[in-house]
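Novice:
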Amino acid sequence: MSSRKLFLSLRMKFIILFFLLITIPFFFSGWITYKQYSRNVENDAIAYTKQIIDQITINLDRYMKDMDRLTLAPYYDNNVIDILRTHVSSDRKGSFVKSDEAAKMNLMISSLAIDRSELQSITIFTNDGIIFSNLQETIARTWQPADNPWIKDVIDADGGLIIIPPHKASYYIEQNREVVSIARVIRAGSTNEHLGIVKIDLSEMSFQKILASASFSRNSRIYVTDRHGRQLYPLHGQVELTSTGNTISFEGGTFITATKQSDYTGMFVTGLIPQDDMKAGARELIRSTFLISLVSILVAYFIAGIASSGLIKPIRHLQVKMKKVKKGDFRERAVVTTHDEIGQLTEGFNDMVMEIERLVKEVYESKLREREAEFYALQSQINPHFIYNTLESINTLALQSYQYEVSNVVVNLGRLLRYTVDKEQKYVHLRDEISFVEAYLEIQSSRLGIKLKTEFYIEIGHDYLLIPKLILQPLVENVIEHALTEETVTVHISTRLEQKDLIIVIEDDGMGMSAERKEYVEKHMYAEQNVTNKQRFVERKKEFALRNVHRRLYVLYGEGYGLFIDKTTAKGTTFWLRMPLIYEEEN
174 MSSRKLFLSL
184 RMKFIILFFL
194 LITIPFFFSG
204 WITYKQYSRN
214 VENDAIAYTK
224 QIIDQITINL
234 DRYMKDMDRL
244 TLAPYYDNNV
254 IDILRTHVSS
264 DRKGSFVKSD
274 EAAKMNLMIS
284 SLAIDRSELQ
294 SITIFTNDGI
304 IFSNLQETIA
314 RTWQPADNPW
324 IKDVIDADGG
334 LIIIPPHKAS
344 YYIEQNREVV
354 SIARVIRAGS
364 TNEHLGIVKI
374 DLSEMSFQKI
384 LASASFSRNS
394 RIYVTDRHGR
404 QLYPLHGQVE
414 LTSTGNTISF
424 EGGTFITATK
434 QSDYTGMFVT
444 GLIPQDDMKA
454 GARELIRSTF
464 LISLVSILVA
474 YFIAGIASSG
484 LIKPIRHLQV
494 KMKKVKKGDF
504 RERAVVTTHD
514 EIGQLTEGFN
524 DMVMEIERLV
534 KEVYESKLRE
544 REAEFYALQS
554 QINPHFIYNT
564 LESINTLALQ
574 SYQYEVSNVV
584 VNLGRLLRYT
594 VDKEQKYVHL
604 RDEISFVEAY
614 LEIQSSRLGI
624 KLKTEFYIEI
634 GHDYLLIPKL
644 ILQPLVENVI
654 EHALTEETVT
664 VHISTRLEQK
674 DLIIVIEDDG
684 MGMSAERKEY
694 VEKHMYAEQN
704 VTNKQRFVER
714 KKEFALRNVH
724 RRLYVLYGEG
734 YGLFIDKTTA
744 KGTTFWLRMP
754 LIYEEEN
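Using the numbering used here, the first residue of the sequence shown is number 174, and each one after it goes up by one.
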């Protein structure tokens, strides 16, 4: 027992189709768009971060060069050098400072600190423990090397500029401030003698001034480290930055990172941008696009539901009618409500049902006629012999009375009867069909007294080609009924070959047809609509015979074969028949 197939309504198929063709591709394309957009934003953020870091590095180098110039200022002030020489001995700890020395040192240091509000202090340390600074009230007067371990790095630099990472400055009175400093050993120009140390303490404000031009996202961060990796900024919250590629995992998040090393100071500037901040715009775009698209899809589904109802309703109506016809009720007709393909399908269904109903009636009637024909056939078996014998007797009497014209008509009539009575023969040789046409024309000429001349141009070898029986007579009859004039009309019947087809041309020089008439005859001849018995009777003497000839050839041989009108003929009318070459009758 075969399993029952799952039934899906047409509406459900439409919904599934919309889902497969619209919804899934939309979400898939949205996901790809989001990924591509995020990737592009990330690449742009990396490039932008590198540009900002480059700019910060340039600003940092410029600032450090300014600090470098500040630390070199004591070298160019003789008063400062002379004062430092008086305090060069480290054995004179806590020696007395003269007022003029303090005034000169304070004047020079204060001049360096003008318009430098971001600096914590500028301080000069002497060898004998004296401190000179621009801050008179918050810095101690003396210092001890043991309390300041940074002093070793400054001395080891041997006069070079050194950047001291965040450290506790013990020489501030209020508290041990944590500062980043720039320091240099001061030496005598001639003897290279160690005279003291100049030290500039920087606050976070100093770096913030440098980084003011940087514009990152709200949660972005910037770190500055020296050449040894020691963090200089921020001063508080030391972190370990280890990145692989362009991203770094930091404090439970992922950051886009870019690092630049200063060629002047060797410091590293590192910028971090959270990926969440970077993708916030992409998420907002996707969110708004998703909401708009979701509303659009819902509206589309709603409209599609309404449209599908209008589409499915006539189909269901047609389905109901088909079920009734299936049960044998051929009187049912579907109502045509649309003018689209469904309307055409409904019209075709109605035409089909009408044709089935007509064919059923014809089959029923034809069976009745077949029974009557069988009955009359039994009665008329002797009729052909009786007619032939009677015609032979008439012909003998005509010859005895020297009525040769009557004898000729009788002979031709006998030939016509013998040709038409044989119903088993469907195909005849072309020469036999020509002989039949000649006999028919002689009888018509004698009966009607018409002026008709016939010329035959049959190519050699075409005489024994097989053609359908009684295919030429309707065309000759058409000439007699429609083309005769007061003048003698000549009918030309000729043959030719085109590839593997036989062309028989029937042309006359009679009264002919207008272009409109040819269009009408051609349209009727090729039409396939059903006609009633009354129509057949009326048209039998007109275009119905031509249509019958064309349909016979079309049914026998298929597309491209049949009867055709030559529309280029200026005088008279020309028909031509196309049929395949047949040399022997096919069983």
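C-beta atoms are modelled at their ideal positions from N, C-alpha and C, and glycine is treated no differently.
Where does Gln554 fall in DSSP's three states?
Specialist: Residue confidence is low: Gln554 scores 47 on pLDDT, short of 50, so the model does not pin down where it sits. Its coordinate-derived value is still stated next. Residue state, collapsed to three classes: coil.
Novice: Find the nearest neighbour of Leu491 within the set Glu514, Lys341 and Pro322, judged by alpha-carbon distance.
Specialist: Closest by alpha carbon: Glu514.
Novice: Could you check what DSSP says for His340 in three-state terms: helix, strand or coil?
Specialist: Looking at His340 - three-state DSSP - the assignment turns out to be strand.
Novice: Leaving aside the five residues before and after Asp326 along the sequence, list all residues of the same chain whose C-beta is less than 7 Å from its C-beta, in chain order.
Specialist: Around Asp326: Ile335 and Ile337.
Novice: Between Lys740 and the ligand MN, is there a pair consisting of the residue's CB and a ligand heavy atom that are separated by less than 6 Å?
Specialist: Absence of the ligand MN from the depicted structure is noted, as is the absence of any ligand whatsoever, leaving it without description.
Novice: Taking Cβ positions, are Leu754 and Leu736 nearer each other than 7 Å?
Specialist: It is not a contact, given that the beta carbons lie outside the stated cut-off.
Novice: Have a look at Arg357, Ala431, Phe629 and Tyr396 and flag the residue whose alpha-carbon is nearest the alpha-carbon of Phe380.
Specialist: Measuring from the Cα of Phe380, the nearest candidate turns out to be Tyr396.
Novice: Does DSSP classify Tyr396 as helix, strand or coil?
Specialist: It is a strand residue.
Novice: Identify which residue in Thr432, His409, Asp241 and Met495 has its Cα closest to the Cα of Thr420.
Specialist: The shortest C-alpha separation from Thr420 is found at Thr432.
Novice: Using a Cβ-Cβ cut-off of 7 Å (strictly less than) and excluding sequence neighbours within five positions of Gln646, which residues of its own chain qualify?
Specialist: Here the set comprises Phe609, Val610 and Tyr613.
Novice: What does Glu520 pair with, by DSSP beta-bridge criteria?
Specialist: For Glu520, which the question treats as bridged, DSSP gives no partner whatsoever.
Novice: Kindly list the residues whose CB is nearer than 8 Å to the CB of Thr196, restricted to its own chain and excluding five residues on each side of it in sequence; keep chain order.
Specialist: Around Thr196: Ile470.
Novice: I'd like to know whether the C-beta atoms of Ile295 and Asn307 end up nearer to each other than 7 Å.
Specialist: Going by C-beta atoms, Ile295 is nearer than 7 Å to Asn307.
Novice: Can at least three beta-carbon pairs, one atom from the region 493-502 and one from the region 239-250, be found at a separation below 8 Å?
Specialist: With the cut-off at 8 Å, the region 493-502 and the region 239-250 do not touch.
Novice: What are the residues that DSSP puts in a beta bridge with Asp326?
Specialist: According to DSSP, which records beta bridges pairwise, Asp326 is partnered with nothing at all.
Novice: Considering only residues of the same chain and omitting the five flanking positions on each side of Tyr693, which have a CB-CB separation below 6 Å?
Specialist: Nothing listed; no residue qualifies.
Novice: Look at Ile446 and Ile459 and say whether their C-beta atoms are less than 7 Å apart.
Specialist: No. Outside cutoff.
Novice: Bridge partners of Glu671, per DSSP?
Specialist: Looking at the DSSP assignment, Glu671 forms a beta bridge with Asp674.
Novice: Counting Cβ pairs closer than 8 Å, one from the region 303-317 and one from the region 339-348, do we hit at least three?
Specialist: Contact holds: three or more Cβ-Cβ distances are below 8 Å.
Novice: Per the DSSP calculation, Gln404 is bridged to which residue(s)?
Specialist: In DSSP, Gln404 forms a bridge with Thr398.
Novice: Which runs of the alpha helix (DSSP H) at least 4 residues long sit entirely within the region 432-508? Give them in chain order.
Specialist: Fully enclosed alpha helix (DSSP H) runs of 4 or longer: 448-451 and 453-499.
Novice: Can you pull the DSSP bridge partners for Trp749?
Specialist: DSSP lists Val678 and Phe737 as partners of Trp749.
Novice: Please go through the region 289-314 and give each complete beta strand (DSSP E) segment of 3 or more residues, from N-terminal end onward.
Specialist: 292-299 and 304-306, all fully within the region 289-314.
Novice: Tell me the residue span of the alpha helix (DSSP H) that contains Thr230.
Specialist: Unbroken alpha helix (DSSP H) run through Thr230: Ile197 to Leu245.
Novice: Helix, strand or coil, according to DSSP, for Arg391 in the structure here?
Specialist: Coil.
Novice: Got a sec? Which residues, its chain only, sit under 8 Å from Phe522 by beta carbon, not counting five neighbours each side?
Specialist: Correct list, in chain order: Leu491, Lys494, Met495 and Ala507.
Novice: Can you tell me where the alpha helix (DSSP H) holding Val253 begins and where it ends?
Specialist: First-last of the alpha helix (DSSP H) with Val253: Asn251 to Thr259.
Novice: Need the endpoints of the beta strand (DSSP E) that Glu377 sits in, please.
Specialist: Not the beta strand (DSSP E): Glu377 falls in the alpha helix (DSSP H), residues Glu377 to Ile383.
Novice: DSSP state of Val270, grouped into three classes?
Specialist: Residue state, collapsed to three classes: coil.
Novice: Span of the alpha helix (DSSP H) holding Val722?
Specialist: Start and end: Phe717 to Tyr730.
Novice: In this structure, what does DSSP give as the bridge partners for Val358?
Specialist: Val358 is bridged to Ile370.
Novice: Alpha carbon to alpha carbon, what distance is there between Thr364 and Phe269?
Specialist: If I take the Cα positions, the gap works out to 25 Å.
Novice: If you count every other CB in all the chains shown that lies within 10 Å of the CB of Ala550, and 16 or more means buried, which is it?
Specialist: Because Ala550 sits at a pLDDT of 46, beneath the cut-off of 50, its placement in the model cannot be relied upon, and the following sentence gives the value as read from the coordinates. Classification for Ala550: exposed.
Novice: What does Lys186 pair with, by DSSP beta-bridge criteria?
Specialist: None, per the DSSP bridge assignment.
Novice: Can His367 and Ile303 be called in contact, C-beta distance under 7 Å?
Specialist: The answer is no: Cβ separation not under 7 Å.
Novice: Throw me the rounded Cβ distance for the Gly685 and Thr741 pair, which I believe falls under 8 Å.
Specialist: Rounded, the Cβ-Cβ distance is 12 Å, inconsistent with contact.
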